[in-house]
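Asks: I have a structure I would like to understand better, so I am pasting it below and will then ask my questions one at a time.
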């Protein structure tokens with residue numbers, strides 16, 4: 002057994018869910034199941050009771066968990082001892098961001114971070130912004146870039162850096178370059194490409210329900226980039242923050258139609274846990290990142 006296997010075991014012990022644990026350690030559920038099988042074969046003990054409904058840690062699994070935690074914590078302490086040659090904050094910061102955020106918001110953040118804390122390095126996972134908060138909540142990332150929820154949440158420290166209205170994006174060579182009427186008329190007559198989840202979808206559903214509007218939905222997908230890909234095919238008009246159209250590969254080839262004031266603006270920025278915990282090395286890194294997030298004049302940065 003090795004440290005990767007021990008960490009995978011501990012992820013399953015915490016979640017008691019193969020799919021969730023597999024996602025944390027970047028394995029498929031079947032690969033994680035085989036890994037656990039190898040550990041059970043090596044130890045000669047059944048570590049988990051598994052059936053179609055639940056996963057339960059056995060008494061032998063509890064003993065093995067103590068051993069695994071001791072090994073993993075010992076490795077962490079050893080590496081921290083080796084790194085104590087300097088008190089400079091350092092380590093790997095795991096960040097979750099959309100592709101659009103990598104084009105727009107991440108570059109100035111990386112510049113400020115590397116100038117002041119060069120020993121901090123980034124590991125970036127891209128994906129649907131709707132997953133950002135859960136990714137931070139579950140500890141798969143220390144920092145996320147996404148739309149900030151309207152309601153305050155004590156669990157998260159949210160730093161707004163810019164706002165962007167929601168718009169409908171259409172292919173410049175497609176059939177929906179011209180649409181007319183009120184927003185209600187548009188959504189009830191023009192095929193729409195919508196995100197499956199997230200703040201934009203929540204606002205859209207709430208608005209159409211309050212207006213008793215029945216939208217024409219051509220497709221539902223995950224992430225702004227997927228919405229844009231389908232809009233490029235001319236299947237309909239896609240609901241996205243305008244920042245998506247202003248950055249990266251979407252600067253050309255699309256036009257935008259106003260969604261009106263009903264759907265409001267996206268407040269976009271950084272999301273991290275309010276509580277700073279973990280090893281001393283991780284705490285120093287989190288404090289350094291917090292320094293950058295709270296002491297950078299973001300309004301000036303994005304006014305350039």
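Residue numbers (the working numbering): 2 to 305. Glycine is no exception: its CB is placed at the ideal position from the N, C-alpha and C atoms.
1) Tell me, please, whether the stretch 151 to 159 touches the stretch 223 to 238 by the rule of three or more beta-carbon pairs shorter than 8 Å.
2) For the stretch 53 to 135, which segments carrying the beta strand (DSSP E) assignment without a break, of at least 3 residues, lie completely within its bounds, in sequence order?
3) Are the beta-carbon atoms belonging to residue 193 and residue 237 less than 7 Å from one another?
4) Among the residues of its own chain, which have a CB less than 7 Å from the CB of residue 29, if the five just before and after it don't count?
5) From residue 208 to residue 17, what does the alpha carbon distance come to, in whole angstroms?
6) Would you grab the beta carbon distance between residue 174 and residue 196 for me? Rounded to a whole angstrom, and I think it's under 8 Å.
7) Can you tell me which of the three DSSP states residue 276 falls into?
8) At 3 residues or longer, and completely inside the stretch 17 to 58: list those beta strand (DSSP E) runs for me, N to C.
9) Is any heavy atom of the ligand MN found at a distance shorter than 6 Å from the C-beta of residue 297?
10) Beta-carbon within less than 6 Å of residue 258's beta-carbon, same chain only, minus the 5 sequence neighbours each way: which residues are those?
11) Between the C-alpha atoms of residue 65 and residue 20, what's the straight-line distance to the nearest angstrom?
12) What is the residue span of the alpha helix (DSSP H) that residue 205 lies within?
13) Who are residue 222's beta bridge partners in DSSP?
14) When you compare only the Cα positions, how much space is there between residue 303 and residue 94?
15) Going residue by residue through the stretch 249 to 303, where are the continuous beta strand (DSSP E) segments of at least 3 residues, counting only ones entirely within it?
16) For the stretch 141 to 154 against the stretch 267 to 283, are there 3 or more C-beta pairs whose distance is under 8 Å?
17) Locate the beta strand (DSSP E) running through residue 234, then write down its first and last residues.
18) Rounded to whole angstroms, what is the Cα-Cα separation between residue 133 and residue 110?
19) Quick check on DSSP: helix, strand or coil for residue 160?
20) Of the choices 15, 198, 41 and 117, whose alpha-carbon is the least far from that of residue 291?
21) How should residue 105 be labelled, buried or exposed, when 16 other C-beta atoms within 10 angstroms of its C-beta is the threshold for buried?
22) Take residue 166 and list the residues in its own chain whose beta-carbon comes closer than 6 Å to its own, dropping the five residues that flank it on each side.
23) If you run the structure through DSSP and keep just helix, strand and coil, what is residue 142?
24) Quick check on residue 135: buried or exposed, where buried means 16 or more other Cβ atoms within 10 Å of its Cβ?
25) Just list the residues that DSSP pairs residue 216 with in beta bridges.
26) Terminal residues of the continuous alpha helix (DSSP H) containing residue 184?
27) What is the residue span of the alpha helix (DSSP H) that residue 241 lies within?
28) So what does DSSP say about residue 245, is it helix, strand or coil?
29) Determine the contact status of residue 256 and residue 141, defining contact as a CB-CB distance below 7 Å.
30) Classify residue 210: buried if its beta carbon has 16 or more other beta carbons within 10 angstroms, exposed otherwise.
Replies: Short version:
1) These segments do not touch.
2) Runs found: 56 to 58, 92 to 98 and 121 to 127.
3) Yes. Within cutoff.
4) Closer than 7 Å at the Cβ level, and outside the excluded window around residue 29, lie 23.
5) Computed Cα separation, rounded: 38 Å.
6) The Cβ separation is near 23 Å, so there is no contact.
7) In this structure, residue 276 counts as coil in the three-state DSSP scheme.
8) 49 to 51 and 56 to 58, all fully within the stretch 17 to 58.
9) The ligand MN is absent from the structure shown, which contains no ligands of any kind.
10) Within the same chain, Cβ atoms closer than 6 Å to the Cβ of residue 258 are found at 169 and 180, the five residues on either side in sequence being excluded.
11) In a straight line, the C-alpha of residue 65 is about 21 Å away from that of residue 20.
12) Counting along the chain, the alpha helix (DSSP H) containing residue 205 begins and ends at 200 to 211.
13) Answer by DSSP bridge pairing, in chain order: 196.
14) Whole-angstrom Cα-Cα distance: 23 Å.
15) Complete beta strand (DSSP E) runs here, min 3: 255 to 259 and 266 to 274.
16) A contact exists between the stretch 141 to 154 and the stretch 267 to 283.
17) From DSSP, residue 234 is part of no beta strand (DSSP E); its letter is neither H nor E.
18) Answer to the nearest angstrom: the Cα atoms are 17 Å apart.
19) Per DSSP, reduced to three states, the secondary structure at residue 160 is strand.
20) Answer by Cα proximity: 117.
21) Answer is buried; the Cβ neighbour count reaches 16.
22) Excluding positions up to five away in sequence, the list reads 243 and 266.
23) DSSP, reduced to helix, strand and coil, places residue 142 outside both helices and strands of the structure shown, so it counts as coil.
24) In this structure residue 135 is exposed. Its beta-carbon is surrounded by fewer than 16 other beta-carbon atoms within 10 angstroms.
25) Its beta-bridge partners do not exist; DSSP assigns none.
26) Counting along the chain, the alpha helix (DSSP H) containing residue 184 begins and ends at 184 to 190.
27) Not the alpha helix (DSSP H): residue 241 falls in the beta strand (DSSP E), residues 238 to 242.
28) Residue 245 carries a helical assignment under DSSP once its states are collapsed to helix, strand and coil.
29) Contact flag unset, no.
30) Exposed: under 16 other Cβ atoms inside 10 Å.
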